[in-house]
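Asker: Residue numbers (mature numbering (1 follows the signal peptide of the UniProt record, and there is no 0)): -19 to -1, 1 to 154.
Think of the CB as a built atom: it goes at the ideal place given N, C-alpha and C, for glycine as much as any other residue.
As the structure is a prediction and not an experimental result, all values here were calculated from the model.
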């Protein structure tokens, strides 16, 4: 009995953690709503989202570049479709946070430098910086590509994303 409880704990706990950090839903929007949003492509497949922070710097999660060579990476910008359209740019340098832990995902940040600076347009421009710190429980927009409804995690891992840019309102705590 004890062994069954321990096994159940190891099987059930990861599902609980995954469930509370997922965002499902949203509406398809024009990229002009958030022209700083981009998709990270690894080996020609959509890997993660990120944000253009300067004309040639893109911020994403370190877990998204872990195990990939810089030559495997591209960034897609300027499109409401996460898998087509817009512009693809090469990545020339990747800097992962020096204290990133792939085991715990601490300091899960990576800064990618594009091979050439990007020219700002209505569809592609760096995010504006702010000195403001949001108050607890204030509303924030989350942008990205993902599922519109809950699906089995195997389907998500297989790459069956919503495929369109979908902002969702969430509260910051």
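Could you tell me the alpha carbon to alpha carbon distance between residue 25 and residue 53, rounded to whole angstroms?
Answerer: 8 Å
Asker: Can you tell me whether DSSP reads residue 14 as helix, strand or coil?
Answerer: Under the three-state reduction of DSSP output, residue 14 falls in the helix class.
Asker: Measure the alpha-carbon distance for residue 82 versus residue 74 and round it to whole angstroms.
Answerer: Each residue's alpha carbon lies about 20 Å from the other.
Asker: How is residue 45 classed by DSSP in three states: helix, strand or coil?
Answerer: helix
Asker: Please identify the residue among 38, 77, 16 whose C-alpha is closest to the C-alpha of residue 104.
Answerer: 16
Asker: On the three-state DSSP scale, how would you describe residue 100?
Answerer: coil
Asker: In terms of DSSP beta bridges, what is residue 72 paired with?
Answerer: 95
Asker: Flag this pair as yes or no: are the beta carbons of residue 39 and residue 56 separated by less than 8 Å?
Answerer: yes
Asker: For residue 9, count the other beta carbons within 10 Å of its own beta carbon; 16 or more makes it buried, fewer makes it exposed. Which is it?
Answerer: exposed
Asker: Where DSSP assigns a beta bridge to residue 29, which residues make up the other side?
Answerer: 21
Asker: Just curious, the beta strand (DSSP E) that residue 123 is in, first and last residue?
Answerer: 119 to 123
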